[in-house]
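The numbering of the sequence shown is the working numbering, which starts it at 3 and goes up by one. Think of the CB as a built atom: it goes at the ideal place given N, C-alpha and C, for glycine as much as any other residue. Nothing here was measured: the structure is a model prediction, and the numbers come from that model.
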Amino acid sequence: MFRQAVVGTVAVLSLALAGCGSDDGGGGGGGDAAESGEVSGTLRIFAYVDAFDPDVFDPFLDQYPDLDVQKAEIAGDTEAVAKLKGGFETDIVNTCAGPVDQEIADGTLQPIDTSRIDDWDAVYPFFKQVKGVDVDGETFMLPMVGGAYGLVYRPSAFDTPPTSWMDLYTSDARIATPDDPLTNIIAAGLALGHVPPQDMTADQLAEVKDLLVQQKEQVASYYTGAAVSTLWKNGEVDLVPMDLTLISEVGGEDVAFAPMETPLAWTCGYALASSAENLDAAYAFLNYALSPAVQTVQAEKFAYLVSNQGSADELTAEVRETSGQGNVEGYRDSATFDSPADIEAWTTLWQEVKAS
3 MFRQAVVGTV
13 AVLSLALAGC
23 GSDDGGGGGG
33 GDAAESGEVS
43 GTLRIFAYVD
53 AFDPDVFDPF
63 LDQYPDLDVQ
73 KAEIAGDTEA
83 VAKLKGGFET
93 DIVNTCAGPV
103 DQEIADGTLQ
113 PIDTSRIDDW
123 DAVYPFFKQV
133 KGVDVDGETF
143 MLPMVGGAYG
153 LVYRPSAFDT
163 PPTSWMDLYT
173 SDARIATPDD
183 PLTNIIAAGL
193 ALGHVPPQDM
203 TADQLAEVKD
213 LLVQQKEQVA
223 SYYTGAAVST
233 LWKNGEVDLV
243 PMDLTLISEV
253 GGEDVAFAPM
263 ETPLAWTCGY
273 ALASSAENLD
283 AAYAFLNYAL
293 SPAVQTVQAE
303 KFAYLVSNQG
313 SADELTAEVR
323 ETSGQGNVEG
333 YRDSATFDSP
343 ADIEAWTTLW
353 QEVKAS
């Protein structure tokens, strides 16, 4: 449903969650059709592939049989931002801290009326403080889940497990990294000790560029979407900046997770597109997605940190430990995927790295 899930230690995931700040926003369109279950028409949803996982998504279809749901999958954050800016029309957008900043700036999102979100008061306050959730008193993203990036590695390829972000740039292992300026520039910035990476100067960004160019000799793939799972299963890569999701996706064989200091936290959720038309259906989906039943599936199946305290309180001790939910407050102490002030400079830098 989101960036990637985490399947590992409490310390990692608990240091992974960043908060989101938000007061009640505008937007939306009235009516109580969603609350009464009388929802029909067409609902367009633009989301990551795991958002459409049958265990997560199909009960919504069963609940609203008169609703024609049109699904479009997001391959990556950059693609989502570009498609929305280019005029792609949808009602619901699956977005994350980082790209949501750009989508707000582009005018492709509209505020969420949190008075129409049944469990809004149950969302952890620090989830509401994540950059991009609240902008000038308006809520633009309903925060749903989070996790922490570290380094996923193939133990058979390492005499000594990776222990720091710098190992991503000094190892002779085969590397896969997402084709995304935020992930790569932030990770390189953390390796160089620049915290928060979003505040890096021009000279520090030049250091980052040199490090990323140096890394290219070991990069087997700048991948998009879920391609990393195939790369791993085919034995083509040994080291990936990611959370623990990959371990569960590849079956846990010859794969391990190295937590980083500082962890890189992600937060994802749902937004209303500025082109949204069926607002009753859209709010019905937002309420469904934030419900404890759905959030429990997210925690149990994907090891996501979940934002609804009502769901978190009902998780088993094992799931709380696996996902890090038991120490979720530490999430806000991590580095985050927030966009820098000059995202265009970062995008240009990343293109220059790939072209070098």
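Candidates the options: closest to residue i by CA position
i	options	result
Ile114	Leu274, Thr338 and Tyr290	Leu274
Val147	Gly328, Trp348, Leu307 and Asn329	Leu307
Leu266	Pro199, Ala319 and Pro342	Pro199
Gln217	Thr162, Thr172 and Val135	Thr172
Gly134	Cys98, Arg156, Ile187 and Ala49	Cys98
Val210	Ala347, Lys130 and Ala178	Ala347
Ser166	Ser158, Ala178 and Tyr151	Tyr151
Lys73	Gly89, Phe54, Ile177 and Tyr66	Phe54
Val257	Gly89, Leu213, Ser231 and Ala278	Ser231
Trp122	Ala343, Ser309 and Met244	Ser309
Gly139	Gln112, Leu214 and Leu153	Gln112
Gly109	Lys130, Pro127, Val137 and Phe128	Val137
Val132	Asp70, Ser341 and Gly227	Ser341
Ala49	Pro67, Val71, Met262 and Asp212	Val71
Pro56	Val299, Ala319 and Ser313	Val299
Ser158	Thr318, Glu75 and Val239	Val239
Ser276	Asp52, Val102, Val51 and Glu75	Val102
Asp212	Ala278, Leu69 and Ser358	Ser358
Enclosing beta strand (DSSP E) for residue i [first to last residue]
i	result
Ala267	Leu266 to Ala275
Ser223	Val221 to Tyr225
Thr97	Ile94 to Cys98
Pro243	Leu241 to Met244
Ala178	Ile177 to Pro180
Ala1	Summary: the structure shown does not reach residue 1, with the chain confined to residues 3 through 358, and so no result is reported for it.
Contact under 7 Å by Cβ, residue i with residue j
i	j	result
Trp234	Phe339	no
Leu241	Ala286	no
Gln311	Ala124	yes
Ala337	Thr247	no
Ala190	Leu214	yes
Gly271	Pro127	no
Ile106	Phe142	yes
Val321	Glu302	yes
Asp245	Gly100	no
Three-state secondary structure (DSSP) of residue i
i	result
Asn310	strand
Phe48	strand
Thr350	helix
Ile119	coil
Tyr151	strand
Asp136	strand
Phe129	coil
Leu144	strand
Gly78	coil
Phe59	helix
Ser358	coil
Val41	coil
Asp344	coil
Val337	Reading the sequence as shown, one finds Ala at residue 337 and not Val. Correct three-state label for Ala337: strand.
Val71	strand
Continuous alpha helix (DSSP H) stretch holding residue i: start and end
i	result
Asn359	Missing from the structure shown is residue 359; the chain here goes from 3 to 358 and no further.
Thr232	Ala229 to Lys235
Ile106	Pro101 to Asp108
Ala190	Pro183 to Ala193
Glu323	Ala319 to Ser325
Glu209	Ala204 to Gln217
Thr172	Asp169 to Thr172
Contact test: residue i Cβ vs the ligand HEM heavy atom, cutoff 6 Å
i	result
Met244	For the ligand HEM, the structure offers nothing, since it holds no ligand at all.
For the region 176-192 against the region 346-355, do three or more pairs of beta-carbon atoms, one drawn from each stretch, fall closer than 8 Å, so that the two count as touching? yes
Does the pairing of the region 82-93 with the region 116-126 give three or more beta-carbon distances under 8 Å? no
Using 8 Å as the threshold, is the region 282-302 in touch with the region 57-66, meaning 3 or more CB pairs across them? yes
Under 8 Å, with one C-beta from each stretch per pair, do the region 69-85 and the region 237-253 reach the 3-pair mark? no
Say whether the region 219-234 touches the region 199-210, bearing in mind that this needs 3 or more beta-carbon pairs closer than 8 Å, one atom from each stretch. no
Contact between the region 311-325 and the region 69-79: three or more CB pairs below 8 Å? no
Would the region 275-283 count as touching the region 38-58 if we require 3 or more Cβ pairs under 8 Å? yes
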